[in-house]
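Q: Have a look at this one.
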Amino acid sequence: MTECYGGNVQILYLVVLGLVQGLTEFLPVSSSGHLVLLGKWFGIEDSLFISILLHIATLLSIIVVLRKEVWQLIRHPFSEKTINLAIATLPTCVIVLILMPLIDKSFSGAFLPICFLISAVLLFVTDMLTKKKTQNSFQRTFLGHKDAFVMGVFQGLAVFPGISRSGSTICAGLLSGAPKSETAKFSFLMSIPIIILSLAMEVYKIIVKGNVISVDPIGMSLSFIVAMLVGIFAIKVMLKLTQKANFKWFSLYLLIISILALCI
């Protein structure tokens, strides 16, 4: 089997793919859901090689923006934050393993409308409740083990296309009472081990399938650069938005996308 990304797949498609991945990986609108939709609109099947490349690009985005936090994790592998990352990663992996057969089927796009709708409702509810909580109660200044576990559970459930990983984990953290200043950063940090595990699985699939990969170097290079740069921008935007817990416009957008996905 050969995966070909030159010729039939235009450079414009690859650049758009990088743009969509960079934005939607970190904004609370579901990157996998948008990529499934994009594939349907362009009539192109999902590609493991492109997925690997774009995952690397978004991983670099996190490392660039949160380089101080990443360096602290490397320097202090047994710190409280590192323990929280392990606590968050464990339930994610367990949930993914349990739901794997259903997850594979979900990438056909059959669940997209309902999954986009779930994300829209979660963002709207969090927007409303968090603003009330800010006005009426004392806010903690630290992110605890319980918060990390809850965020890890939501991250596991967000593997379905249409359910935003960043949106779900940030909402979970805010609803559990974690501080806004820490929730978004931790959400992006906890995606690092998951992205690495996803990369490992995708590389394994390519090796097992024995795919011969034909690459358009210009298109793929542009796609990679666009995904990384746009990802950096999206992370910075989300760090600011989480401080305000202002998610209602994303909720409205997802409601519209849910209706569009239903019509495809």
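All the letters of the sequence shown, read from the start, carry residue numbers 306 to 569 under the numbering used here.
All residues carry an ideal CB built from backbone N, CA and C; glycine is no exception.
Going by beta-carbon coordinates alone, are F617 and I367 separated by less than 9 Å?
A: As displayed, the chain neither begins before 306 nor continues past 569, which places residue 617 out of reach and without an answer.
Q: Straight-line CA distance for V464 to S411?
A: Locating residue 464 in the sequence shown gives position 159, where the first residue counts as 1. Locating residue 411 in the sequence shown gives position 106, where the first residue counts as 1. Distance between the alpha carbons of V464 and S411 is about 9 Å.
Q: Closer than 6 Å by C-beta to S481: which residues in its own chain qualify, once you throw out the five before and the five after it? Chain order, please.
A: Here residue 481 refers to the residue found at position 176 of the sequence shown. Excluding residues within five positions, the ones whose Cβ falls inside 6 Å are D452 and V455.
Q: Could you please give the first and the last residue of the uninterrupted alpha helix (DSSP H) stretch that includes S384?
A: For the purposes of this step, residue 384 is identified with residue 79 of the sequence shown, where counting begins at 1. Unbroken run through S384: none, as it is neither H nor E.
Q: Are there 16 or more other CB atoms within 10 angstroms of the CB of A505, so buried, or fewer, so exposed?
A: Locating residue 505 in the sequence shown gives position 200, counting from the first residue. Exposed: under 16 other Cβ atoms inside 10 Å.
Q: In terms of alpha-carbon separation, which member of V426, L534, K490 and L559 lies closest to L371?
A: Position 66 of the sequence shown, counting from 1, holds the residue named residue 371. Ranking V426, L534, K490 and L559 by Cα distance to L371 puts K490 first.
Q: Return the CA-CA distance between I500 and L364, expressed in angstroms with no decimal places.
A: Taking the first residue of the sequence shown as position 1, residue 500 is located at position 195. Taking the first residue of the sequence shown as position 1, residue 364 is located at position 59. The alpha-carbon atoms of I500 and L364 are separated by roughly 7 Å.
Q: Mind reading off the beta-carbon distance from S471 to F331? Whole number of angstroms is fine, and I expect it under 8 Å.
A: Numbered from 1 along the sequence shown, position 166 holds the residue referred to as residue 471. Numbered from 1 along the sequence shown, position 26 holds the residue referred to as residue 331. Confirmed, Cβ separation roughly 5 Å.
Q: Could you check how far apart the C-beta atoms of P498 and S335 are, in whole angstroms? I think they sit under 8 Å.
A: Position 193 of the sequence shown, counted from the first residue, corresponds to residue 498. Position 30 of the sequence shown, counted from the first residue, corresponds to residue 335. Not a contact, Cβ separation roughly 20 Å.
Q: Determine, using beta carbons only, whether G323 and A539 come nearer to each other than 9 Å.
A: By one-based count along the sequence shown, residue 323 stands at place 18. By one-based count along the sequence shown, residue 539 stands at place 234. No, they are not a contact pair.
Q: Whole angstroms is fine: what's the gap from V314's alpha carbon to L359's?
A: Taking the sequence shown and counting its residues from 1, the one referred to as residue 314 is at position 9. Taking the sequence shown and counting its residues from 1, the one referred to as residue 359 is at position 54. Bear in mind that the predicted position of V314 carries a pLDDT of just 49, short of 50, making it unreliable; the figure below should be weighed with that in mind. Using only the alpha carbons, I get a separation of about 16 Å.
Q: My assumption, with CB atoms under 8 Å, is that P484 sits in contact with F459. Please give the rounded CB distance.
A: Position 179 of the sequence shown, counting from 1, holds the residue named residue 484. Position 154 of the sequence shown, counting from 1, holds the residue named residue 459. Between P484 and F459, the beta carbon gap of about 17 Å keeps them out of contact (Cβ cut-off 8 Å).
Q: Compute the Euclidean distance between the alpha carbons of L402 and S496, then round it to the nearest angstrom.
A: Looking up residue 402 in the sequence shown gives position 97. Looking up residue 496 in the sequence shown gives position 191. Looking at the two C-alpha atoms, the distance is approximately 17 Å.
Q: For a test of the three-state rule: what should DSSP assign to D521, helix, strand or coil?
A: In the sequence shown, residue 521 corresponds to position 216, counting from 1. Note: D521 maps to coil in three-state DSSP.
Q: Does I561 come out as helix, strand or coil in the three-state DSSP assignment?
A: Translated into the one-based positions of the sequence shown, residue 561 becomes position 256. Helix, per DSSP.
Q: Where does A550 fall in DSSP's three states?
A: Along the sequence shown, read from residue 1 onward, the residue named residue 550 stands at position 245. If DSSP states are grouped into helix, strand and coil, A550 belongs with coil.
Q: Under the three-state reduction of DSSP, which class applies to H339: helix, strand or coil?
A: Residue numbering aside, residue 339 sits at position 34 when the sequence shown is read from its first letter. Under the three-state reduction of DSSP, H339 is assigned to helix.
Q: Could you please give the first and the last residue of the uninterrupted alpha helix (DSSP H) stretch that includes V458?
A: Position 153 of the sequence shown, counted from the start, is the residue given in the question as residue 458. V458 -> alpha helix (DSSP H) spans H450 to L462.
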